[in-house]
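Structure record follows, encoded as structure tokens.
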Amino acid sequence: MGNRFPLITAHCGSMNTIDHTLDSVQTGLRLGADVVEEDIRVTKDGIPVLAHDDEWVTVDGLKLSISQMSFEVLRELQYAVTHGEQRETIRICRLEDMLPLIKASGKVVNLDLKVDESIEPVAALVKQYGMLEQAFLSGCEIDRAMLAERLNPEMRKLLNTDHNLFKTLPYKDAMLKTCEDALTASCFGINIHYSIVSQELMDYTKSLGLPVYVWTVNEEDLMIQYADLGVASITTRNVTDLVELKQKMLGERS
4 MGNRFPLITA
14 HCGSMNTIDH
24 TLDSVQTGLR
34 LGADVVEEDI
44 RVTKDGIPVL
54 AHDDEWVTVD
64 GLKLSISQMS
74 FEVLRELQYA
84 VTHGEQRETI
94 RICRLEDMLP
104 LIKASGKVVN
114 LDLKVDESIE
124 PVAALVKQYG
134 MLEQAFLSGC
144 EIDRAMLAER
154 LNPEMRKLLN
164 TDHNLFKTLP
174 YKDAMLKTCE
184 DALTASCFGI
194 NIHYSIVSQE
204 LMDYTKSLGL
214 PVYVWTVNEE
224 DLMIQYADLG
234 VASITTRNVT
244 DLVELKQKML
254 GERS
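In terms of this note's numbering, the sequence shown is residues 4 to 257.
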């Protein structure tokens with residue numbers, strides 16, 4: 004690791020906040036995250052919203068599909084979400100509601116795209132707010148990464164690892180294919196589940212200049228392990244512990 008600690012990326016819903024809410028975003032920023040991650044889908048009329056799943060359920064039990072409804076309709080409704088053992092109520096949130104918070108903080112947002120249709124409206128908003136240096140795309144396996152490169156080459160993006168490659172191919176072959184895809188799609192790095200990362204992968208990606216972003220690490224022993232491996236970013240819901248670990252590890256090395 005040397006004297007550099009991985010970027011701290013706050014997963015949506017970090018520190019027991021509700022996923023896909025401005026409270027979640029603000030909590031990550033307030034606690035010292037370098038990057039805030041959020042999932043993005045688009046409504047029928049092309050409005051990017053904070054959402055992992057297409058189907059949401061209203062407090063009255065009505066099931067709605069984000070992709071089949073206009074934002075004007077969706078914004079008027081209240082939605083039921085399970086939060087721990089509690090049932091909470093939230094409203095849907097636009098990406099446009101979140102971007103000013105990120106811009107003002109000087110931090111970065113990781114926009115995890117769930118559908119291809121989100122690429123162009125997301126890129127348009129990022130450019131509208133002058134945030135090309137404060138935003139990047141993830142959620143992009145090779146096909147979506149290539150599409151994003153064709154539609155908006157100025158948007159930075161990570162290649163999301165295809166886990167099936169590591170299940171069906173020898174590890175080295177899967178590693179080589181992953182890095183080849185990242186370079187082909189002009190991705191600036193790779194986004195990968197921590198369990199797949201090895202010293203071999205770290206050495207090879209370093210030789211290619213491809214930073215490795217790992218998700219989702221919540222336990223301190225694993226945080227230490229991957230920080231020592233030299234990953235570029237650790238995504239976590241446990242932002243407080245990762246911030247404290249950063250202070251501790253950098254203090255010991257100074």
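Built from N, CA and C at the ideal position, the CB exists for glycine as well. In this text the structure is predicted, and so the values were computed from the model without any measurement.
Can you grab the Cα-Cα spacing for the pair residue i / residue j, in whole Å?
i	j	result
I199	E91	35 Å
V28	P214	24 Å
I265	L225	An answer regarding residue 265 cannot be provided, because it is not within the stretch 4 to 257 covered by the chain.
F8	Q228	12 Å
E223	V217	14 Å
D206	D26	38 Å
E203	A83	44 Å
Q137	L128	12 Å
D100	I93	15 Å
C15	D244	16 Å
V234	L211	14 Å
E144	E255	38 Å
G133	H55	25 Å
Less than 8 Å between C-beta atoms, sequence neighbours within five positions excluded: which residues of the same chain meet that for residue i?
i	result
V242	I11, A13, S17, M18, T30, G31, L34, G35 and A36
I21	S27, V84, H86, E91 and I93
P156	S189
Under three-state DSSP, which class holds residue i?
i	result
P156	coil
Y132	coil
I11	strand
L102	helix
D42	strand
T61	strand
E144	coil
I69	helix
R97	strand
Grab me the residues of residue i's own chain with a C-beta within less than 7 Å of its C-beta, minus the 5 sequence neighbours each way, in chain order.
i	result
K47	S70, Q71, M72 and S73
D119	R147 and L150
G142	D115, L116, K117 and N163
Which word fits residue i, buried or exposed, when buried means at least 16 other C-beta atoms lie within 10 angstroms of its C-beta?
i	result
G87	exposed
V111	buried
S201	exposed
N167	exposed
By Cβ distance below 6 Å, which residues in the same chain neighbour residue i in space, the five residues on each side in sequence not counted?
i	result
D165	E144
_Minimum length 4: unbroken alpha helix (DSSP H) runs contained in the region 173-253_ = 174-187, 202-211 and 223-232
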